[in-house]
Amino acid sequence: IACTQLASRSTLGSMHFNGVLKSMYTLFVRGALLDNISSLLGEALSESISLVCLLIVFVLVAAVTVMNMLVGVLCHVVTAVAAVEKEELVVSVAKSKLEGIVQALDTDDDSLISKA
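In the working numbering, the protein residues as written are 221 to 336.
Shown next, in the form of structure tokens:
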């Protein structure tokens, strides 16, 4: 809304910020995804320095937000992998202990336990 208001009386406003939906599209594609942001900032610099400052703040906040989301996903994946590896370790220890018990009780080396 601020970008729409700041650029309302300019050619930049009619091209990129002509209404809230067009402003949201421009900010998402050019500000968050950084698609040709330099030309948008160049056009905004010729119109209004306050709009340039607002766009730069938006780009920085969007970049930090995306980075935090990626770090969160990475932490979730690392936690999941650690849990799986811990479970595999528990199963491996249990298996080796059971194999030791079977070896100790096996009298004829056929890896079978039977009632005697």
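No residue lacks a Cβ here, since even glycine has one placed at the ideal position from N, Cα and C. Bear in mind that the values here come from a model prediction, so they are computed numbers and not experimental data.
* To do: Please say whether Leu271 and Leu226 have beta carbons closer to each other than 8 angstroms?
  => Taking the first residue of the sequence shown as position 1, residue 226 is located at position 6. Taking the first residue of the sequence shown as position 1, residue 271 is located at position 51. Result yes, Cβ atoms of Leu226 and Leu271 sit closer than 8 angstroms.
* **Completely contained alpha helix (DSSP H) runs for the segment 229-264, where each covers 4 or more residues** => 231-236, 240-246
* **Leu342 vs Cys223 beta-carbon contact at 8 angstroms** => One cannot answer for residue 342 here, as it falls past the ends of the chain, which runs 221 to 336.
* Ends of the alpha helix (DSSP H) at Ile321? -> Stepping through the sequence shown from its first residue, residue 321 is reached at position 101. Residues 269-325.
* Asked: Going by the CB atoms, is the gap between Ser234 and Glu267 shorter than 8 angstroms?
  -> Position 47 of the sequence shown, counted from the first residue, corresponds to residue 267. Position 14 of the sequence shown, counted from the first residue, corresponds to residue 234. Cβ distance not < 8 angstroms, so Glu267 and Ser234 don't count as in contact.
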